[in-house]
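K.L.:
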Amino acid sequence: GQQVMQIPQYQHVQEGEDFTTYCNSSTTLSNIQWYKQRPGGHPVFLIQLVKSGEVKKQKRLTFQFGEAKKNSSLHITATQTTDVGTYFCAGRGTYKYIFGTGTRLKVLA
Amino acid sequence: GAVVSQHPSRVICKSGTSVKIECRSLDFQATTMFWYRQFPKQSLMLMATSNEGSKATYEQGVEKDKFLINHASLTLSTLTVTSAHPEDSSFYICSATGVAGGSYNEQFFGPGTRLTVL
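So the sequence lines, in the order shown, correspond to chains A and B.
Per the working numbering, the very first residue in the first sequence carries number 4; after that it's consecutive.
Per the working numbering, the very first residue in the second sequence carries number 2; after that it's consecutive.
What follows is the structure, encoded as structure tokens:
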């Protein structure tokens, strides 16, 4: 079945450093969504990418969808302590979204 | 807008009992609701997809007779864990999609329910 993997599993960065998480699907996706889950909280929608090669920005966050629509990345520039949490991608195959394994980000002040 | 509530937030029950978890969309009509299970520090595992007025679609490996899902209205879905056992202890979280004013078909998540079976 469809699998969605994310790397790295964990990332500790110093505040101000950049951070990137990569999402890879075993199958071609119709679209991909990104969510953020704070410790003890629930996932919150960040963005959706649909087109091959699409790049979207939200302030310090840059999201990219691969040309083959099988991978995606989230890049955070100059991390802040408020960026702490787990970032999940969710890839849509035929009729459902499969969540990636997640990347847990810790930001050291 | 786009608020999803879950009740209860925590429940502790004895082995063999049944537990019902409610998921409500408070300010929009949820055409589809999803039920997930999340183990500590792990990803969300989709259990089933529920459309209002129809039978839920269960993922492979999820026992439909053990995890009963009812989506009777556009704002309410329930998950009943029947004859719960300690291995059912987990964090159960629902999400909803529908006409919520968003630009995308994003899922709005409830706060989750922590189930502990003794």
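Glycine included, C-beta positions come from ideal geometry on N, C-alpha and C.
Would you report the Cα separation of Lys60(A) and Leu52(A), rounded to the nearest angstrom?
P.N.:
11 Å
K.L.:
Can you give the Cα-Cα distance for Gln9(A) and Pro46(A), rounded to whole angstroms?
P.N.:
16 Å
K.L.:
Which term fits Glu64(B), buried or exposed, when burial requires 16 or more other beta carbons within 10 angstroms of its beta carbon?
P.N.:
Glu64(B) should be labelled exposed.
K.L.:
So, are the CB atoms of Cys14(B) and Val118(B) less than 8 Å apart?
P.N.:
yes
K.L.:
In the DSSP assignment, the beta strand (DSSP E) including Lys21(B) goes from what residue to what residue?
P.N.:
20-26
K.L.:
Evaluate contact between the region 4-11 of chain B and the region 60-78 of chain B, counting only Cβ atoms and requiring at least three cross-stretch pairs below 8 Å.
P.N.:
no
K.L.:
Give the list of continuous beta strand (DSSP E) stretches no shorter than 3 residues that lie fully inside the region 78-107 of chain A.
P.N.:
88-95, 100-102
K.L.:
Taking the continuous beta strand (DSSP E) assigned at Leu116(A), which residues delimit it?
P.N.:
Chain A is shown from 4 up to 112; residue 116(A) falls before or after that span and cannot be answered.
K.L.:
Out of Gly54(B), Glu60(B), Lys42(B), which one is the CA nearest neighbour of Ala73(B)?
P.N.:
Gly54(B)
K.L.:
Closest to Thr23(A) by C-alpha separation, out of Lys99(A), Lys73(A), Gln12(A), Arg41(A), would be which residue?
P.N.:
The shortest C-alpha separation from Thr23(A) is found at Gln12(A).
K.L.:
Please state if the CB of Ser91(B) and the CB of Arg11(B) are separated by a distance shorter than 8 Å.
P.N.:
With contacts defined by Cβ atoms closer than 8 Å, Arg11(B) and Ser91(B) do not form a contacting pair.
K.L.:
Give me the Cβ distance between Ser44(B) and Gly103(A), rounded to the nearest whole Å; I'm assuming they're in contact under 8 Å.
P.N.:
7 Å
K.L.:
For Leu47(B) and Lys62(A), I'd like the C-alpha separation in whole angstroms.
P.N.:
Taking the straight line joining both Cα atoms gives about 31 Å.
K.L.:
Within 8 Å of any Cβ in chain A, is that where the Cβ of Thr50(B) sits?
P.N.:
Residue-level contact by beta carbon holds for Thr50(B) and chain A, with a gap shorter than 8 Å.
K.L.:
Out of Arg115(B), Phe109(B), Gly113(B), which has the shortest C-alpha to C-alpha gap to Trp37(A)?
P.N.:
Phe109(B)
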